[in-house]
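Okay, so here's the structure we're looking at.
There are 2 protein chains.
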Amino acid sequence: MSPYIVERPRFILFGDSLTERSFSEEGGWGASLAHFYGRRVDVLNRGYGGYNTDWVMFILDDVFKGCNSQNTPLVTIFVGANDAALPLPEGNEHSSTQHVPLSRYRENLRKIVHNIRERGVTQLVMITPPPVYEPGRKEWQIQRIGEEEAKNTAIDRTNAYTKQYAECCKEVALELDLPVVDLWTSMQETKGWGTLLFNDGLHFTPEGNQHAYNAILTTINSTYPNLKVEEMPMQFPHFSEIDFSNPASSFGNLP
Amino acid sequence: MSPYIVERPRFILFGDSLTERSFSEEGGWGASLAHFYGRRVDVLNRGYGGYNTDWVMFILDDVFKGCNSQNTPLVTIFVGANDAALPLPEGNEHSSTQHVPLSRYRENLRKIVHNIRERGVTQLVMITPPPVYEPGRKEWQIQRIGEEEAKNTAIDRTNAYTKQYAECCKEVALELDLPVVDLWTSMQETKGWGTLLFNDGLHFTPEGNQHAYNAILTTINSTYPNLKVEEMPMQFPHFSEIDFSNPASSFGNLP
Numbered sequence: 001m002s003p004y005i006v007e008r009p010r011f012i013l014f015g016d017s018l019t020e021r022s023f024s025e026e027g028g029w030g031a032s033l034a035h036f037y038g039r040r041v042d043v044l045n046r047g048y049g050g051y052n053t054d055w056v057m058f059i060l061d062d063v064f065k066g067c068n069s070q071n072t073p074l075v076t077i078f079v080g081a082n083d084a085a086l087p088l089p090e091g092n093e094h095s096s097t098q099h100v101p102l103s104r105y106r107e108n109l110r111k112i113v114h115n116i117r118e119r120g121v122t123q124l125v126m127i128t129p130p131p132v133y134e135p136g137r138k139e140w141q142i143q144r145i146g147e148e149e150a151k152n153t154a155i156d157r158t159n160a161y162t163k164q165y166a167e168c169c170k171e172v173a174l175e176l177d178l179p180v181v182d183l184w185t186s187m188q189e190t191k192g193w194g195t196l197l198f199n200d201g202l203h204f205t206p207e208g209n210q211h212a213y214n215a216i217l218t219t220i221n222s223t224y225p226n227l228k229v230e231e232m233p234m235q236f237p238h239f240s241e242i243d244f245s246n247p248a249s250s251f252g253n254l255p
Numbered sequence: 001m002s003p004y005i006v007e008r009p010r011f012i013l014f015g016d017s018l019t020e021r022s023f024s025e026e027g028g029w030g031a032s033l034a035h036f037y038g039r040r041v042d043v044l045n046r047g048y049g050g051y052n053t054d055w056v057m058f059i060l061d062d063v064f065k066g067c068n069s070q071n072t073p074l075v076t077i078f079v080g081a082n083d084a085a086l087p088l089p090e091g092n093e094h095s096s097t098q099h100v101p102l103s104r105y106r107e108n109l110r111k112i113v114h115n116i117r118e119r120g121v122t123q124l125v126m127i128t129p130p131p132v133y134e135p136g137r138k139e140w141q142i143q144r145i146g147e148e149e150a151k152n153t154a155i156d157r158t159n160a161y162t163k164q165y166a167e168c169c170k171e172v173a174l175e176l177d178l179p180v181v182d183l184w185t186s187m188q189e190t191k192g193w194g195t196l197l198f199n200d201g202l203h204f205t206p207e208g209n210q211h212a213y214n215a216i217l218t219t220i221n222s223t224y225p226n227l228k229v230e231e232m233p234m235q236f237p238h239f240s241e242i243d244f245s246n247p248a249s250s251f252g253n254l255p
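Going line by line, the protein sequences match chains A and B.
Just so you know, we're using full-length UniProt numbering here: the first sequence kicks off at 1 and counts up by one.
Just so you know, we're using full-length UniProt numbering here: the second sequence kicks off at 1 and counts up by one.
Shown next as structure tokens:
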């Protein structure tokens, strides 16, 4: 009989709205991971829409409380899309925007990784902010504030600006010896990515979710062989392994 | 500021393959619940494909270990579809089938509810086995064993036989004063239900998942007002409630 487990470890998906919405009916990448690793792990959504890495600092200890290498074999860190919101024209970083300067984003990324690693959780995957499709952001803005007002209002994010945060994320991953899923680059390699992968220039369509899911799963598999699904035992015996005439014997390994 | 929580309670979805597959990309009803209750609860999938209520007895204590009214405000119990597999012609109940006689299914249901309630978890929702679309089961069988062999092989489930288990589930729910989602009945009220809601006569299509999700959520809302999503606090402040100029103050309620 194949080995099985009694308690499930968990994958923690940590991030902003791109994680919070990852169980959506639009083929959310988090739900897809949960399905793929079904019976093996719990995939916990720890996405906090709108949060930047400054605000994340206030919740980090609570989110990862009790985590260790045994119960948490994987954490994905997917932050920066809000840090990369443009600073207001005045350049006042305390003004009403989600913007976090690049240097502090870098520091915050290091702190996040350090906080998680200190608990013994070592298998992390970093994910860059995805590209920004600017016409999609403009359309979203028009829907929100109306065509007239939108005429004189800059969009909240640009692709060039977000690129700096994606690059920074990759640099920190390299520095900390962690795998990184570079969505900023890979998504733009898809023809028609702006409307195919994004529904408002920032959040994923079903195709965008599929892209993110494939990219993240590929990185998990290539970096952490112990997380290949076929290497991970199921919780309780698969029903095909139950001895129908003496089922108790099939559950005999229970502690 | 709205109240918020630091630790998320969880909904536990307990059952067989109809639960195990509930996070599938086919609009799985469990993932939909997880999305709907996003930021508020963790929706844990405790579906074990192929299991009948006899086998479930061996894992019950482990599945619900540590659960109490605080950390587990909802459990769905969705079993019986495998118990209702037809007994083999010989009528030998120890033969190679998932079948569990009706009287024992009834006893097992009571034991499951009792086990969960003993832990202080009181908010349960029972779900009847869904109807069986027999032509769909036949097609599935043909794909599995070939047309020739299928000619002389009875299908594994019938709708009339499953009806008894659905009725039994409703009776136990009434007896134990629990809400029940009668999928066996409601799904058959949908025109063309056999192929619209099921992909193999037994498991849900996206439309089937949507039906199950709506029915289950409606019952949760009408039975347990404290589980209405607007009554449930989010984990950590919504970002619109963060004071951008003094974010620490917005997290001041953290213990």
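Note that beta-carbon positions come from the ideal geometry of N, C-alpha and C, so glycine has one too.
Contact under 9 Å by Cβ, residue i with residue j
{"i": "residue 42(A)", "j": "residue 165(A)", "result": "no"}
{"i": "residue 144(A)", "j": "residue 157(A)", "result": "no"}
{"i": "residue 63(B)", "j": "residue 12(B)", "result": "yes"}
{"i": "residue 108(A)", "j": "residue 61(A)", "result": "no"}
{"i": "residue 69(A)", "j": "residue 122(A)", "result": "yes"}
{"i": "residue 97(B)", "j": "residue 131(B)", "result": "no"}
{"i": "residue 26(A)", "j": "residue 205(A)", "result": "yes"}
{"i": "residue 10(B)", "j": "residue 235(B)", "result": "no"}
{"i": "residue 30(B)", "j": "residue 53(B)", "result": "no"}
{"i": "residue 110(B)", "j": "residue 172(B)", "result": "yes"}
{"i": "residue 34(B)", "j": "residue 34(A)", "result": "yes"}
Residues bridged to residue i [DSSP beta-bridge criterion]
{"i": "residue 4(A)", "result": "234(A)"}
{"i": "residue 13(A)", "result": "45(A), 76(A)"}
{"i": "residue 126(B)", "result": "77(B), 180(B)"}
{"i": "residue 204(B)", "result": "198(B)"}
Chain A residues whose Cβ lies nearer than 7 Å to that of residue i
{"i": "residue 24(B)", "result": "35"}
Rounded straight-line distance, which links the Cα of residue j to that of residue i
{"i": "residue 224(B)", "j": "residue 124(B)", "result": "9 Å"}
{"i": "residue 159(B)", "j": "residue 237(A)", "result": "28 Å"}
{"i": "residue 129(B)", "j": "residue 167(B)", "result": "9 Å"}
{"i": "residue 216(B)", "j": "residue 176(A)", "result": "45 Å"}
{"i": "residue 155(A)", "j": "residue 127(A)", "result": "24 Å"}
{"i": "residue 15(B)", "j": "residue 21(B)", "result": "10 Å"}
{"i": "residue 184(B)", "j": "residue 24(A)", "result": "27 Å"}
{"i": "residue 207(B)", "j": "residue 45(A)", "result": "25 Å"}
{"i": "residue 71(B)", "j": "residue 118(A)", "result": "27 Å"}
{"i": "residue 88(A)", "j": "residue 32(B)", "result": "37 Å"}
{"i": "residue 247(A)", "j": "residue 241(A)", "result": "9 Å"}
{"i": "residue 148(B)", "j": "residue 36(B)", "result": "46 Å"}
{"i": "residue 101(A)", "j": "residue 245(B)", "result": "15 Å"}
{"i": "residue 86(B)", "j": "residue 99(B)", "result": "6 Å"}
{"i": "residue 198(A)", "j": "residue 139(A)", "result": "12 Å"}
{"i": "residue 231(B)", "j": "residue 221(B)", "result": "11 Å"}
{"i": "residue 5(B)", "j": "residue 233(B)", "result": "6 Å"}
{"i": "residue 95(B)", "j": "residue 243(A)", "result": "A caution first: residue 95(B) carries a pLDDT of 46, below 50, which makes its placement in the model too unreliable to give a value."}
{"i": "residue 76(A)", "j": "residue 174(A)", "result": "15 Å"}
{"i": "residue 142(B)", "j": "residue 209(B)", "result": "25 Å"}
{"i": "residue 181(A)", "j": "residue 203(B)", "result": "34 Å"}
{"i": "residue 249(B)", "j": "residue 49(A)", "result": "19 Å"}
{"i": "residue 113(A)", "j": "residue 170(A)", "result": "13 Å"}
Closer than 9 Å at the beta carbon, the chain B residues around residue i
{"i": "residue 160(A)", "result": "Neighbours of residue 160(A) on chain B: none; closest Cβ ~24 Å, over 9 Å."}
{"i": "residue 156(A)", "result": "Under the 9 Å cutoff, chain B gives no residues; its nearest Cβ is about 14 Å from residue 156(A)."}
{"i": "residue 50(A)", "result": "238, 239, 240, 242"}
{"i": "residue 54(A)", "result": "247"}
{"i": "residue 198(A)", "result": "Within chain B, no residue comes near residue 198(A); the closest Cβ sits about 19 Å away, beyond 9 Å."}
Nearest-angstrom beta carbon gap, residue j and residue i [assumed within contact, 8 Å]
{"i": "residue 239(B)", "j": "residue 51(A)", "result": "6 Å"}
{"i": "residue 227(B)", "j": "residue 73(B)", "result": "6 Å"}
{"i": "residue 201(B)", "j": "residue 134(B)", "result": "6 Å"}
{"i": "residue 195(A)", "j": "residue 211(A)", "result": "Rounded, the Cβ-Cβ distance is 13 Å, inconsistent with contact."}
{"i": "residue 58(B)", "j": "residue 19(B)", "result": "With 8 Å as the limit, residue 58(B) and residue 19(B) do not qualify as a contact, their Cβ atoms being about 17 Å apart."}
{"i": "residue 219(B)", "j": "residue 179(B)", "result": "5 Å"}
{"i": "residue 17(A)", "j": "residue 66(A)", "result": "So it is not a contact: roughly 25 Å between Cβ atoms."}
Partner residues on chain A for residue i, Cβ-Cβ distance less than 8 Å
{"i": "residue 44(B)", "result": "42"}
{"i": "residue 14(B)", "result": "Simply none; closest approach about 12 Å."}
Neighbouring residues, chain B, relative to residue i (Cβ below 7 Å)
{"i": "residue 29(A)", "result": "In chain order: nothing, as chain B lies at least about 10 Å away."}
{"i": "residue 6(A)", "result": "62"}
{"i": "residue 32(A)", "result": "25"}
{"i": "residue 20(A)", "result": "38, 39"}
Chain-ordered neighbours of residue i on chain A, where CB pairs are closer than 9 Å
{"i": "residue 248(B)", "result": "58"}
Chain B contact residues for residue i, given Cβ-Cβ distances below 8 Å
{"i": "residue 11(A)", "result": "By Cβ distance, chain B contributes nothing, its closest Cβ being about 12 Å from residue 11(A), past 8 Å."}
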